[in-house]
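Here our numbering is used: the first residue of the sequence shown is 1449, the next is one more, and so on. Beta carbons are placed, not taken as given, at the ideal position from N, Cα and C, and that holds for glycine. Source: prediction; values computed, not measured.
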Amino acid sequence: MSKFKMTQIKGVIPAMMTFFDKEENVDIQCTRRMVDFMLDHGADGFYLTGSTGECFTMTAEERNLVVDTVIDQVKGRVPVIVHVGDIGTKKSIELAKHAYEAGADAISSVPPFYWKFRADDIYSYYKDISEATPLPMVVYNIQLAGLMDMGLLLKLADLPNVHGLKYTARSHDEMGYLKEKLGSDFMIYSGCDEMAFSGMCAGADGIIGSFYNLFPDLYKKILAKVEESDIKGGMRLQKIADEVILAALKYDFPSVLHGMMNWRGLESGYSRKPFYNYEDSELTGLKEEILRIKEKYQAEELDMFHF
């Protein structure tokens, strides 16, 4: 059973990578190590089997295995949100039911994608999934799956079990409006890593993102600056994070994250094909960029990287 209320799910929440071995099997031991690493470095929760987790390359059984492993390793220390999204409602409901039985604290989903679904189809998708378990649902609004408009988001927020929104877009005007409109008990998460500081300033309750696998500790410092109303300090840290991220995104994502995790002294496994996995020698240019960023900002925060 879930241990956390929806309003307790906040802070820095890594959209957790899935860690595969060379044979493309889910690496259970690596997954457990990464859970502990992220917790030791400030993660306030986990968002599992989303796009960063390569969920659409995985079977339902593999996704459930990741959920079971992480929840077992977390042992109730922080909340766990499970992404159950798929093109088909039936599979998403099955994933949601497993998440509930495994002890997740909330579920989430992108809207159905690939085909051009009507707004009514998307509404029915979320309604059916959110009614399948008692868990609160976090709607996921992201360009990759087609951004939903304000009218649909407000309609979805009226569903009894919808209690949150993961908002991944390059603008925070709608997010701030939605937070004010929907109130303090409706949780909104900024999903753009490069805009975490501004997202929190716009009223987000927490941040969910890919690069929080790599440096949740840096983003904990960013959120601390929000709490301290230290605009200058927060922007400095966000700029450091942004320049590292922009340098990394010149390479294939999410596989580049595995290489970068290795620079923190971790064996982080592999991405699954067709994602390309880098040899360390292929990331020399990225290392040079990080060293340049470190010098530019006199950024002791980047001492975490060892290469």
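Does residue i get closer than 8 Å to chain C when you measure Cβ to Cβ?
{"i": "Gly1624", "result": "As a matter of chain content, chain C is missing from the structure shown, which is built from one protein chain."}
Counting only the same chain and skipping the five closest in sequence on each side, list residues whose C-beta sits under 6 Å from that of residue i.
{"i": "Glu1736", "result": "none"}
{"i": "Tyr1573", "result": "Thr1537, Pro1560"}
{"i": "Glu1730", "result": "none"}
{"i": "Ala1593", "result": "Because the pLDDT at Ala1593 is just 48, under 50, the model does not fix this residue reliably, and the value given afterwards should be weighed accordingly. Closer than 6 Å at the Cβ level, and outside the excluded window around Ala1593, lie Val1558, Pro1559, Phe1561."}
{"i": "Met1635", "result": "Met1454, Gly1612, Asp1653"}
{"i": "Leu1583", "result": "Tyr1548, Ala1554, Ile1555"}
Please determine, among the options, the residue with the shortest C-alpha to C-alpha distance to residue i.
{"i": "Asp1475", "options": "Glu1743, Lys1668, Ala1747, Ser1719", "result": "Ser1719"}
{"i": "Ala1580", "options": "Phe1663, His1546, Pro1560, Tyr1588", "result": "His1546"}
{"i": "Pro1664", "options": "Asp1488, Ile1457, Gln1477", "result": "Asp1488"}
{"i": "Ile1655", "options": "Ala1617, Gly1681, Lys1680", "result": "Ala1617"}
{"i": "Asp1516", "options": "Asp1534, Ala1672, Phe1494", "result": "Phe1494"}
{"i": "Met1486", "options": "Met1683, Ile1741, Gly1681, Asn1661", "result": "Asn1661"}
{"i": "Met1464", "options": "Thr1507, Met1596, Arg1511, Lys1629", "result": "Arg1511"}
{"i": "Leu1496", "options": "Val1530, Gly1631, Lys1698", "result": "Val1530"}
{"i": "Lys1629", "options": "Ser1646, Gly1651, Lys1744, Lys1687", "result": "Gly1651"}
{"i": "Leu1705", "options": "Lys1687, Tyr1726, Thr1505, Leu1671", "result": "Tyr1726"}
{"i": "His1620", "options": "Ala1605, Ser1646, Lys1603", "result": "Ser1646"}
Output needed for residue i: all residues of its chain with C-beta closer than 7 Å, excluding positions within five of it in sequence on either side, in chain order.
{"i": "Glu1642", "result": "Asp1690, Ile1693"}
{"i": "Asp1700", "result": "Phe1723, Tyr1724"}
{"i": "Phe1753", "result": "Trp1711, Arg1712, Ile1738"}
{"i": "Ile1535", "result": "Pro1560, Phe1561, Tyr1562"}
{"i": "Glu1622", "result": "Met1598"}
Can you tell me whether DSSP reads residue i as helix, strand or coil?
{"i": "Ser1499", "result": "coil"}
{"i": "Ser1557", "result": "strand"}
{"i": "Asn1473", "result": "coil"}
{"i": "Val1587", "result": "strand"}
{"i": "His1611", "result": "strand"}
{"i": "Ala1508", "result": "helix"}
{"i": "Ile1457", "result": "coil"}
{"i": "Thr1616", "result": "strand"}
{"i": "Ala1567", "result": "helix"}
{"i": "Met1648", "result": "helix"}
{"i": "Phe1467", "result": "coil"}
{"i": "Gly1599", "result": "helix"}
{"i": "Ile1535", "result": "coil"}
{"i": "Val1514", "result": "helix"}
{"i": "Val1526", "result": "coil"}
{"i": "Gly1657", "result": "strand"}
{"i": "Tyr1625", "result": "helix"}
{"i": "Phe1755", "result": "coil"}
{"i": "Tyr1573", "result": "helix"}
{"i": "Ser1578", "result": "helix"}
{"i": "Ser1638", "result": "strand"}
{"i": "Ala1593", "result": "The predicted position of Ala1593 is uncertain, since its pLDDT is 48 and thus under 50; a value taken from the coordinates is nonetheless stated next. If DSSP states are grouped into helix, strand and coil, Ala1593 belongs with the helices."}
I believe residue i touches residue j by the beta-carbon criterion, under 8 Å. Please report the beta-carbon distance rounded to the nearest angstrom.
{"i": "Met1482", "j": "Ser1716", "result": "7 Å"}
{"i": "Lys1614", "j": "Ser1556", "result": "6 Å"}
{"i": "Leu1601", "j": "Asn1589", "result": "7 Å"}
{"i": "Val1532", "j": "Ile1577", "result": "7 Å"}
{"i": "Ala1696", "j": "Leu1734", "result": "6 Å"}
{"i": "Leu1543", "j": "Lys1575", "result": "No, Leu1543 and Lys1575 are not in contact; Cβ-Cβ is about 16 Å, not under 8 Å."}
{"i": "Ala1491", "j": "Val1460", "result": "6 Å"}
{"i": "Lys1539", "j": "Ala1567", "result": "Actually they do not touch by this definition, with Cβ atoms about 21 Å apart."}
Beta-carbon within less than 8 Å of residue i's beta-carbon, same chain only, minus the 5 sequence neighbours each way: which residues are those?
{"i": "Asn1710", "result": "Ser1716, Asp1728"}
{"i": "Gln1521", "result": "Thr1479, Arg1480, Val1483, Asp1484"}
{"i": "Ile1519", "result": "Val1528, Ala1550, Gly1551, Ala1552"}
{"i": "Arg1525", "result": "Leu1487"}
{"i": "Asp1759", "result": "Residue 1759 falls outside the range modelled here, since the chain spans only 1449 to 1755, and no answer is possible."}
{"i": "Ala1605", "result": "Val1587, Leu1613, Leu1626, Leu1630, Phe1634"}
>> Going residue by residue through the region 1662-1735, where are the continuous alpha helix (DSSP H) segments of at least 4 residues, counting only ones entirely within it?
In response: 1664-1675, 1679-1696, 1703-1710
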